[in-house]
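Quick note on the numbering used here: the sequence shown kicks off at 1267 and runs consecutively. Please read the structure below before turning to the comments.
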Amino acid sequence: MSPTPPDRPMTPYELTHPVRLHTLVMLRWVAVSGQAATLLVTYFWLGFDLPIELGFTIVGLLALLNLSTALRQPSSARLTDREAAGSMAFDILQLSGLLFITGGLTNPFALLVLAPVTVAATILSARSTIALCVLSLACLSLLAFFHLPLPWMTRPLFDLPQTYVLGIWAGLWIATIFMATFGWLVAEEARRMRDALAATQMALAREQRLSALGGLAAAAAHELGSPLSTIAVVAKELIREVPAGSEIADDLKLLQSETDRCRRILAQLSQRPEADGNAPFSRIRLTDAVEAAAVPYRRDPIVLVLEAADSEGNPPTGEEPTLPHTPELMHGLGNIMQNAIQFARETVEVRLHWDENTVLVEIQDDGPGYPLAVLDSLGEPYLSGRTQRDGHMGLGIFIAKTLLGRTGALVDFGNAGEGGGARVTLRWPRAHTG
1267 MSPTPPDRPM TPYELTHPVR LHTLVMLRWV AVSGQAATLL VTYFWLGFDL
1317 PIELGFTIVG LLALLNLSTA LRQPSSARLT DREAAGSMAF DILQLSGLLF
1367 ITGGLTNPFA LLVLAPVTVA ATILSARSTI ALCVLSLACL SLLAFFHLPL
1417 PWMTRPLFDL PQTYVLGIWA GLWIATIFMA TFGWLVAEEA RRMRDALAAT
1467 QMALAREQRL SALGGLAAAA AHELGSPLST IAVVAKELIR EVPAGSEIAD
1517 DLKLLQSETD RCRRILAQLS QRPEADGNAP FSRIRLTDAV EAAAVPYRRD
1567 PIVLVLEAAD SEGNPPTGEE PTLPHTPELM HGLGNIMQNA IQFARETVEV
1617 RLHWDENTVL VEIQDDGPGY PLAVLDSLGE PYLSGRTQRD GHMGLGIFIA
1667 KTLLGRTGAL VDFGNAGEGG GARVTLRWPR AHTG
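What follows is the structure, encoded as structure tokens:
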């Protein structure tokens, strides 16, 4: 089974779920060693009468194929989903051939037919897993009725009742389907979590790059301020010295106005919140953090209402807290605000409250809200709680929950009563804030 050639582009599934040739080669060597050891012990130590030559021929065929594959390709090579499925299909047929000459399903090692299916469920696509599962079930059905007698130490040969053999067949069928289904679901959940965490890291890296860019803009504004001031002073002096109404005077006035414009632009850059986002101990007020997170997503006619009070109208106590001005905080808050604004009909309400123990942010929209069936699972990767217009399947909510969790926040999703829209509550222990 030849791995994917380097000039053949891999499919999106293969790019995210590649199968290493080394993995399958090592699994095959384990199978070859186990099969050879079992044949030797059964024939020479236990003295069972079995076709030892044919048995070692079948095992040798698997060993030769595995050796050829290992020598022809580097261990770091990757197999496509189809190539890996074909490799495991051969393993199932090889094991079935070995069981055929050693008693079929009456052989206690018939349980090993589950191994290739279980491995396939953890590393292959659903289609390939189903195909291998069907192949295994077909082989089990044939072995239930067609096989050589089970080797035994006495004569007549040991023979199980056919009803009992059918019971073994039914049990292996159930076990094969269960192991394939359960193994694939568990592996797919792990793959989704891995992909979601990778997306979270990419989002965080993007936010960090934006913060660093803001810092560079502030530094550039600071450094360019002095030269621009000098240019403005020189232009003003030259205007006084040249005759009024001349072409040079008009050019100097244009130079002076453009210089003033550059100074205003640099002043705006130096005042942006992102300017100090790269400083490890920079902090931002809670109100400013919410407002800054909402700015990129605000749109007409959605109205954003910001109120410093809890749901019962009680004002906060003490000084307004500050939070570390980190990319995790800003991107996490931004995702929550984006989701609320996206699904709101008219209004998004943000309530801020704090006391000596807790800092609370409650974000509520007047949209359709979350279906009750998925409320307990919100925040898991690739779970859609509402009809997604951008097809992100709830990944944004997962990223927001993960990033805000790094800041010490507890994130709770819910609905604000019947027809009240979605509500997201963020809680920080006051010890995590300033």
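We put the beta carbon where it would ideally sit given N, CA and C, even for glycine. These figures come from a predicted structure and were not determined experimentally.
Ignore the nearest five residues each way along the sequence and tell me which others in residue i's own chain have a CB closer than 7 Å to its CB.
i     : result
N1332 : V1291, R1294, W1295 and V1298
G1674 : W1694, P1695 and H1698
L1398 : A1351, M1354, A1355, I1358, P1382, V1383 and A1386
With a threshold of 16 other CB atoms inside 10 Å of the CB of residue i, please say whether the residue is buried or exposed.
i     : result
F1444 : exposed
W1450 : buried
V1285 : buried
T1580 : Residue 1580 is actually Asn in this sequence, not Thr. By the neighbour-count rule (16 or more Cβ atoms within 10 Å), N1580 is not buried but exposed.
D1357 : buried
R1274 : Residue placement at R1274 cannot be trusted, given a pLDDT of 47 that sits under 50; what the coordinates show is reported in the next sentence. Looking at its Cβ environment, which holds fewer than 16 other Cβ atoms inside 10 Å, R1274 is exposed.
A1456 : exposed
R1393 : exposed
R1565 : exposed
N1605 : buried
V1400 : exposed
L1406 : buried
K1519 : exposed
Y1430 : exposed
F1310 : exposed
G1651 : Residue confidence for G1651 is low, a pLDDT of 47 falling below 50, so the modelled location carries little weight; the figure read from the coordinates is stated next. Label assigned to G1651: buried.
G1326 : exposed
G1511 : exposed
P1382 : buried
G1687 : buried
V1452 : exposed
Q1428 : exposed
G1683 : exposed
I1367 : buried
A1303 : exposed
P1509 : exposed
F1664 : buried
S1342 : exposed
V1307 : exposed
I1324 : buried
Taking residue i as part of the beta strand (DSSP E), name the residues at either end of that continuous run.
i     : result
D1631 : T1624 to D1631
H1288 : Per DSSP, H1288 belongs to no beta strand (DSSP E); it is in the alpha helix (DSSP H), L1287 to L1306.
A1688 : A1688 to P1695
R1617 : T1613 to W1620
L1570 : V1569 to E1573
Between which two residues does the alpha helix (DSSP H) harbouring residue i extend?
i     : result
G1598 : P1593 to F1609
D1554 : L1552 to A1560
G1352 : D1347 to F1366
N1681 : No alpha helix (DSSP H) holds N1681; the beta strand (DSSP E) holding it covers L1676 to N1681.
T1588 : From DSSP, T1588 is part of no alpha helix (DSSP H) but of the beta strand (DSSP E) over T1588 to P1590.
P1382 : L1380 to I1389
V1400 : A1392 to F1411
F1375 : Where F1375 is concerned, there is no enclosing alpha helix (DSSP H), given that its DSSP letter is neither H nor E.
F1322 : I1318 to R1338
Quick check: what's the CA-CA separation for residue i versus residue j?
i     : j     : result
T1442 : L1345 : 24 Å
V1625 : A1610 : 25 Å
L1371 : Q1360 : 15 Å
E1612 : I1568 : 5 Å
Q1654 : G1584 : Annotation note: pLDDT 48 at Q1654 (below 50); position unreliable, no value reported.
G1437 : A1410 : 12 Å
A1404 : N1373 : 17 Å
A1329 : I1396 : 26 Å
L1570 : Q1630 : 10 Å
I1434 : S1391 : 28 Å
A1355 : S1362 : 11 Å
R1689 : V1499 : 55 Å
A1558 : M1603 : 10 Å
L1638 : R1460 : 27 Å
I1497 : Q1522 : 8 Å
T1553 : T1525 : 35 Å
S1577 : G1680 : 14 Å
R1458 : R1549 : 34 Å
G1671 : R1530 : 38 Å
L1644 : P1634 : 15 Å
Within a Cβ cutoff of 6 Å, which residues of the same chain sit near residue i, ignoring the five residues on either side of it in sequence?
i     : result
V1556 : V1616
L1621 : The question names Leu, but residue 1621 in the sequence shown is Asp. Hits under 6 Å: T1583.
A1666 : G1598, N1601 and I1602
E1513 : none
A1574 : P1582 and L1618
E1628 : R1617 and T1691
T1699 : P1587, L1589 and V1625
For residue i, collect the residues of the same chain with a Cβ closer than 8 Å to its Cβ; drop the 5 residues on either side in sequence, then sort them by chain order.
i     : result
C1528 : L1490 and L1494
Given 8 Å as the limit, is there contact between the region 1311–1321 and the region 1345–1354, that is, 3 or more CB pairs closer than that?
Contact between the region 1311–1321 and the region 1345–1354 is absent, because fewer than three Cβ pairs lie under 8 Å.
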